Amino acid sequence: MMKQSYYWIVVLLVAMIISADVASSLASLSLSSSSFTRVLPPLASKHTRAQTSTFRQSTNTNSNLQMNAAILPTTYRLLAAGSAYRAISLATTDISSTVVLLSTSIAAFVNLAPEASMQLASAKRAQTQKLKDSKAWRSIVRVKIVGQFMGLVLSAIGGFALGGASCCVAADAAFWALGAGDVRFQCCDDDESEGGTVSGGGVKRAPVPASVARVLLSINVAMLLSTLVGSLVMFGRQTKSSILLRKVGAALYCFGVLTQTIGDVTVRRRGKKERMR
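Just so we're aligned, residue 591 is where the sequence shown starts under my numbering, counting upward by one.
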């Protein structure tokens, strides 16, 4: 009975995201297909139509970004709260899972939520402006978001601490392995915080040096291997070596994800202070 309730919660969350995308698409369709009666000067009609088309496109983009900026952080943080609840419920029986779930919850609430919102916003803006490599960037961002979402669902609803952590780390590893460093875009509004990603339409290329991308990929692959080993040994006979492997995997994941969270938050705050000068 309890498992069935979990399944319905997953279905509900997926339905929320799908319905948001459908609503966004319908809004764009209705705006693009609407007709208005105008009296335009013959010589200026083409120019006026071009301006109107540009205005509609900008309106559609901002509307879609606002919806995604509202859905993504909220979904991430709801799942982060679920992971924290799971951690508390396991505190007296499984300290390793508790620490892992708490680390996942903190990372999702503080770092993954705003980062996913900003990256998706930059991907949609780049594609709207038909910039080079915009489709590749959007595909990579989507892969990352789907992987993180699956990991958070496993953590919050299933209570699979290292299993959920493996999905989240795998999403980051795939992000860099697919070439995110070369095709990265970034919103360039005055305020690039979570709420500011929808205020304008500015986007710029912001590639990551290949050496840095390789280092980040290596770190994520190492974390992924440790979490996978730690999660797989749970299904075998519990020996001292398997328990040790699980604890080592949990420790490496917690250290890595919290260090990454602190680093990303520090970089965002530093960038915000520089823009305010």
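All residues carry an ideal CB built from backbone N, CA and C; glycine is no exception.
It should be emphasised that the depicted structure is a prediction, and the values quoted were computed from it without experimental measurement.
So residue i is in the alpha helix (DSSP H); what residue range does that whole segment cover?
{"i": "Phe765", "result": "Ala751 to Ala767"}
{"i": "Arg728", "result": "Ser724 to Val743"}
{"i": "Thr829", "result": "Neither: Thr829 is in no alpha helix (DSSP H) and is coded neither H nor E."}
{"i": "Ile809", "result": "Ala800 to Leu822"}
{"i": "Gly771", "result": "Ala770 to Val773"}
Please state the DSSP three-state secondary structure of residue i.
{"i": "Asp719", "result": "Rather than Asp, the amino acid found at residue 719 in this sequence is Gln. Coil."}
{"i": "Cys778", "result": "coil"}
{"i": "Val847", "result": "helix"}
{"i": "Val793", "result": "strand"}
{"i": "Asp684", "result": "coil"}
{"i": "Pro663", "result": "helix"}
{"i": "Ser625", "result": "Residue confidence for Ser625 is low, a pLDDT of 34 falling below 50, so the modelled location carries little weight; the figure read from the coordinates is stated next. Three-state DSSP puts Ser625 in coil, outside helix and strand."}
Determine the direct distance from the alpha carbon of residue j to that of residue i, and round the result to whole angstroms.
{"i": "Tyr675", "j": "Lys722", "result": "43 angstroms"}
{"i": "Leu814", "j": "Glu864", "result": "34 angstroms"}
{"i": "Ala761", "j": "Thr682", "result": "30 angstroms"}
{"i": "Leu662", "j": "Lys725", "result": "20 angstroms"}
{"i": "Phe699", "j": "Lys830", "result": "34 angstroms"}
{"i": "Trp766", "j": "Leu807", "result": "6 angstroms"}
{"i": "Ile730", "j": "Leu835", "result": "32 angstroms"}
{"i": "Ala764", "j": "Gln709", "result": "15 angstroms"}
{"i": "Trp727", "j": "Arg804", "result": "17 angstroms"}
{"i": "Val733", "j": "Ser679", "result": "31 angstroms"}
{"i": "Arg667", "j": "Ala706", "result": "12 angstroms"}
{"i": "Ala703", "j": "Gln828", "result": "36 angstroms"}
{"i": "Thr718", "j": "Thr665", "result": "25 angstroms"}
{"i": "Arg795", "j": "Thr849", "result": "26 angstroms"}
{"i": "Gly769", "j": "Ile735", "result": "15 angstroms"}
{"i": "Asp684", "j": "Gly853", "result": "28 angstroms"}
{"i": "Met866", "j": "Arg859", "result": "11 angstroms"}
{"i": "Ala812", "j": "Leu842", "result": "9 angstroms"}
{"i": "Val759", "j": "Lys720", "result": "30 angstroms"}
Take residue i and list the residues in its own chain whose beta-carbon comes closer than 7 angstroms to its own, dropping the five residues that flank it on each side.
{"i": "Cys757", "result": "Gly737, Met740, Gly741 and Leu744"}
{"i": "Cys844", "result": "Val689, Val690 and Ser693"}
{"i": "Ala840", "result": "Ser686, Val689, Val690, Leu752 and Gly820"}
{"i": "Ile809", "result": "Gly846"}
{"i": "Ala818", "result": "According to the sequence shown, residue 818 is Leu rather than Ala. Around Leu818: Ser756."}
My understanding is that residue i touches residue j, with C-beta atoms under 8 angstroms, so please give their C-beta distance in whole angstroms.
{"i": "Ser821", "j": "Gly753", "result": "5 angstroms"}
{"i": "Thr851", "j": "Ala697", "result": "5 angstroms"}
{"i": "Gly672", "j": "Ala746", "result": "3 angstroms"}
{"i": "Ala711", "j": "Cys778", "result": "11 angstroms between Cβ atoms; not a contact."}
{"i": "Val838", "j": "Ser816", "result": "7 angstroms"}
{"i": "Ser952", "j": "Ala670", "result": "Since the first and last residues shown for the chain are 591 and 867, residue 952 lies out of range."}
Please go through the same chain and pick out, in chain order, the residues whose beta-carbon is closer than 6 angstroms to the beta-carbon of residue i, but skip the five residues on each side of it.
{"i": "Val857", "result": "none"}
{"i": "Ala677", "result": "Thr688, Leu691 and Leu692"}
{"i": "Ala713", "result": "Trp727, Arg728 and Val731"}
Between residue i and the rest of its own chain, which residues show a CB-CB distance below 8 angstroms, the 5 nearest in sequence each way excluded?
{"i": "Pro799", "result": "Gly771"}
{"i": "Pro797", "result": "Gly771, Asp772, Val773 and Arg774"}
{"i": "Val855", "result": "Val700 and Asn701"}
{"i": "Gly802", "result": "Gly is not the amino acid found at residue 802; the sequence shown has Val there. Contacts found: Gly771."}
Does the beta carbon of residue i come closer than 9 angstroms to any beta carbon on chain C?
{"i": "Ala711", "result": "Of the protein chains in this structure there is only one, and it is not chain C."}
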